[in-house]
Each structure stands twice: as structure tokens, then as C-alpha cells.
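Note sheet for the following structure.
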Amino acid sequence: MNGDNILIVDDDVTFALMLKTWLGKHGFDSDTVSSVAAAKKRFKERDYSIVLTDMRLPDSDGIDLLQWMSVQKPGIPVIVMTNFAEIQNAVNSMKLGAFDYLSKPVNPSELLDKISEALKHTSKADSVDGTQEPAVEQVDFIEGNSDASKLLYQYVNLVAPTNMSVLICGESGTGKEHIAHLIHSRSKRSGKPFVAIDCGSIPAELAGSEFFGHTKGSFTGALSDKIGAFEAANGGTVFLDEVGNLGYETQMHLLRALQERKIKRIGSNKEIEIDIRLVAATNEDLEKAISKGAFRNDLYHRISEFTIHMPELKDLKQDIMLYANFFLDSANRELGKNVIGFDDNVMQLFLNYDWPGNLRQMKNTVMRATLLTQGEYITMDSLPRELSLHKVVVEKSALLHDPADEKERILSALKNAGGNKSMAAKLLGVDRKTLYNKLKLYDIE
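Take any residue in the sequence shown, count from 1 to its spot, add 107: that is its number in the working numbering.
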């Protein structure tokens, strides 16, 4: 081996393995991955001299990988591989920092020439600047590409620098606490404490102590002084999860603390000034609770100066495989596994399943499947019973033989695949070339 490592990013597993073998015969050590998320993971495990990437990938595309590398791994040359019909995309990738591009089928001698040029380019850059990039901090979340996800993070970025109280509404498992953490980390209070309270697990008689603290002997069981969450978070953020579960009396004390910005420990007459930002979350309809007299109207308006509604996973078709691959990378790291991805049947199931438990359910599902998988790809056999019994409605190629509704079925498949044409072709049961011809015929972008 010549010491130069190459990362091949292509979801055509057969082609990638053939390319890896061929490069090995020419002295290169190479690894293969089939998604953008997997490529990012590999960069955390080892260094690469060059990246060879396809433009179209299951979870994203080569452009996204280029943009990520321009920030996280600047200086590493990227050679884009693309079909002849997509040369314009490759040209656009050059504008975004790609070193060069190749049209498929790849010409071996041309590829060797471009790799050689890229290595010479890197060598020259190293001679000018010998500094080494710092290690990339491991990211514990990923932002989706769908319009709903982009709007969500746009709201987070807008409200985070302010002192407005934020109410995060959404079903269980949609990531409400993650958004609360993100608001804190992107605020001016990020260097101060973030204290979370699960309002659903606090007995009513202990809520005051949890929030505001108590003095020794103030009630049975108070064996020592205790600092409450508001005092502990002074200067930072208090996160009240499932705030709709608070009793009416606790709501009254909470409202007074927020209005006066002062608290008293139970058993003490001493007022303590507090400076906190409140972020709350709920999976209940608080306005309905107000109409029933179960939640105070004045407290609702105090905690909801800005409201964020969390989208459900079933409404984020474009992001489903992006999240799935992200959770797969996390599971591989935690379990010491090296599962490459999901087979076609699992991808179709994931795209069609309703995910009632949202992101939490998907994370647990992928973790379990990764543990059980013995091969390179997660199959239906590794999925929990509630998913494996789910009937997947898959568009078949025969449906394309009916011109009356052909266009509508193609549009439906594209929607279910989140705009990913390769996945849409699989859902329709046709090859990519057939789908592209149909897209051109019906003038579908």
C-alpha cells in the first residue's frame, strides 16, 4: 500500500466493492460506505486522503457531503462520480469545492490520473500550511432537510438569543427536550446551568420543594437544606417537561415566581432573587385544559411567549432515511458494530410506517436491529414485531402500465420517498433510467 486512504461513497454496493478491489490492486487502501451519514462517521474513525462520491445517495446527495467537508474537513479533495445525464450537477459541485468529476461508467485510467492529480494538489497544500485540523466534535443530533424541519430550526435560531419563554408542543418522542437543550445552548445563557424537571413524575406534595427548595425540618423527611431547581439554574434555563401535569396549586406558585422573579424555600421567609429563562414542553392541549379549569390561563400566557410545534416523524418523509442512518451510525458506535445500512424492504417499510412513537421509537428500533443484525444490512428479520407485521404498500411496476393514473402514481412515489428519485424508482419497481424517462415525459422536476 502507498499510504493514501480513499473513501468511496456510493449506494451501488457492487460497484463500490469492485472499485475498492481495483484500487487495492493499484496500491490504495480504501473503505466503502453507502450514505452521507456513514461517510461522516468514517471520518471520525480514520483519516482519508481523497473522497470518491456518487452524486445521488439514499439519505442526501454529494452536494450535502461537499458542504459538510468544506467546513469539517477542508483541504481533502473530493472527486464526484455521476451519470452522463447529470453532468450539470457535477459542474455545479465543482463550484462548491469538488476537486474534479468523472462520468459513469468510470474510465479506470482517467480515475487514476485524477487521483494522482488530487494527491499532488494535497501535497502542495500541506507544504504551504502544515497545520492540522482539530478533531471534529461528535454531533449528537442531526437537522432534517424537509421544509418542516428547516422551519423548526429556523424558529429555534430566532428565539434562542432572546429571553422569551418558550412552549414546545408535540407528541411523545418528537424530540422536545432536545429542542429545549438546543435553545439553551444557542442562547446568551449557554454558559450557565440547564436544569430539567419532569413535571409528570413529581408528587404534588413535593413539587414546591423540587422547584424552590426547602430548609431542614420544614416538613417530615426534610433532613437537610435543599436547593430547588430555580435556584440551581440561576442565570440559566429551567426546562419544565410535561408542564400540563402540574397541580393547580403548584401552577399558582410557579406563576408568582415568574412574575416576581423571587422565590422562598419552603420553611424560610428569606426571598431569593432569581434570573432564569423558562422553556416548557407538553404533549397535551393546554388550551383545552384551560377550558376545563385544569390549567391556569394566566400561567399559559406567561410560559408561551413563543410557541414551537414539533412535527411528527410520519410527516417528515424526506427526513426518514436521514434520521435512520444517523441512528444507525450512533448504534454502530455504541455497540461496536459495523452495519452498513438497510435493505430495500426495510427502507420501504420505514418510509410507509406511521412511527407512532416518533424519533424515540425509530432510535430504539434501529438500536435493536443493529444489535441483532449479523450481516452488513438490516433486514426485516431484525425488526420488532410491531414493524415486521406492518403491511407495506409498495407501488409495483405494473401500475406504470396504466397511463390514466401513471403520473399521479409517480408523484405519489416521489412524495413517499421524500424526493429521492432512486428510492422512488424502488417503490415503483422500476429502474432509475425508466423513471427518469417518465419524469421527462410528464415534465416532472
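Cβ coordinates follow ideal geometry from the N, Cα and C atoms, glycine included.
Small disclaimer: the values here were computed from a predicted structure and weren't measured.
Query raised in the report: Buried or exposed: which applies to T121, given that a residue is buried once 16 or more other Cβ atoms fall within 10 Å of its Cβ?
Result: exposed
Query raised in the report: Among residues of its own chain, excluding the 5 on either side of V266, which ones have a beta-carbon nearer than 8 Å to its beta-carbon?
Result: V273, I290, F413, I415
Query raised in the report: Grouping DSSP H, G and I as helix and E and B as strand, with all else coil, what is Y549?
Result: coil
Query raised in the report: Between the beta-carbon of G335 and the beta-carbon of E317, is there less than 8 Å?
Result: yes
Query - L490 - DSSP class collapsed to helix/strand/coil - result: coil
Query raised in the report: Rounded to a whole number of angstroms, what is the C-alpha to C-alpha distance between I551 and A255?
Result: 22 Å
Report task. Work out the CA separation of K221 and P215 for me, nearest whole Å. Result -> 10 Å
**Report entry** Residues near A505 by beta carbon distance below 6 Å, same chain, minus five either side
**Finding:** Low confidence applies to A505: its pLDDT is 42, below 50, so where it sits in the model is not reliable enough to give any reading.
Query raised in the report: For N341 versus I381, is the C-beta distance shorter than 8 Å?
Result: Closer than 8 Å, so yes.
Requested in this report: Determine the direct distance from the alpha carbon of L219 to that of L130, and round the result to whole angstroms.
Outcome: 9 Å
Requested in this report: In the DSSP assignment, find the beta strand (DSSP E) that holds Y262 and state where it starts and stops.
Outcome: Looking at the DSSP string, Y262 is not in any beta strand (DSSP E); the run it does join, the alpha helix (DSSP H), is 254-266.
Query raised in the report: Under a three-way DSSP split, which group does A329 fall into?
Result: coil
Requested in this report: For the region 293-301 and the region 309-325, state whether three or more C-beta atom pairs, one from each stretch, are separated by less than 8 Å.
Outcome: Result no; under three Cβ-Cβ pairs closer than 8 Å.
Query - Limits of the unbroken beta strand (DSSP E) element including L274 - result: 273-276
Query raised in the report: For the candidate residues N352, D332, D422, whose alpha-carbon lies nearest to that of T389?
Result: N352
Query - Reference T269, options S279, S331, G343, closest by Cα - result: G343
Query - Within 8 Å, strictly: CB atoms of G204 and S177 - result: Going by beta carbons, G204 and S177 fall inside the 8 Å limit.
**Report entry** Cβ-based neighbour list, S411, same chain, cut-off 6 Å, excluding 5 preceding and 5 following
**Finding:** L274
**Report entry** Unbroken beta strand (DSSP E) run spanning I290, endpoints
**Finding:** Not the beta strand (DSSP E): I290 falls in the alpha helix (DSSP H), residues 283-292.
Query raised in the report: On the premise that D450 lies in contact with Y484, defined as a C-beta separation below 8 Å, what is that separation, rounded to the nearest angstrom?
Result: 5 Å
Query raised in the report: Pairing CB atoms from the region 256-263 with CB atoms from the region 392-400, are three or more of them under 8 Å?
Result: The region 256-263 makes no contact with the region 392-400; the number of CB pairs closer than 8 Å stays below 3.
Requested in this report: Please state whether DSSP places I183 in a helix, a strand or coil.
Outcome: coil
Query raised in the report: Using CA coordinates, which residue listed in K399, L429, E441, L542 is at the minimum distance from G448?
Result: When each option's Cα is compared against that of G448, the closest is L429.
Query raised in the report: Would you call S223 buried or exposed, if buried means 16 or more other Cβ atoms sit within 10 Å of its Cβ?
Result: exposed
Query - Straight-line Cα distance separating M474 from S519 - result: 30 Å
Report task. Identify whether E391 lies in helix, strand or coil by the three-state DSSP scheme. Result -> coil
Requested in this report: Grab me the residues of L365's own chain with a C-beta within less than 6 Å of its C-beta, minus the 5 sequence neighbours each way, in chain order.
Outcome: R409
Report task. Check whether the Cβ atoms of G525 and D426 lie closer than 8 Å to each other. Result -> yes
Requested in this report: Verify whether the separation of the beta carbon atoms of F337 and I383 is less than 8 Å.
Outcome: yes
Query raised in the report: Can you list, in chain order, the residues of its chain whose CB lies under 8 Å from that of E441, leaving out five sequence neighbours each side?
Result: M474
Query raised in the report: How would you call F433, buried or exposed, if buried means at least 16 neighbouring beta carbons within 10 angstroms?
Result: buried
Requested in this report: Identify whether V473 lies in helix, strand or coil by the three-state DSSP scheme.
Outcome: helix
Query raised in the report: Between P212 and N252, what straight-line distance do the alpha-carbon atoms span, to the nearest angstrom?
Result: 30 Å
Requested in this report: Answer yes or no: do T357 and A401 have a C-beta to C-beta separation smaller than 8 Å?
Outcome: no
Requested in this report: Whole angstroms is fine: what's the gap from L126's alpha carbon to Q481's?
Outcome: 24 Å
Report task. Tell me whether F337 sits in a helix, a strand or coil according to DSSP, three-state version. Result -> In the displayed model, F337 falls within a helix according to three-state DSSP.
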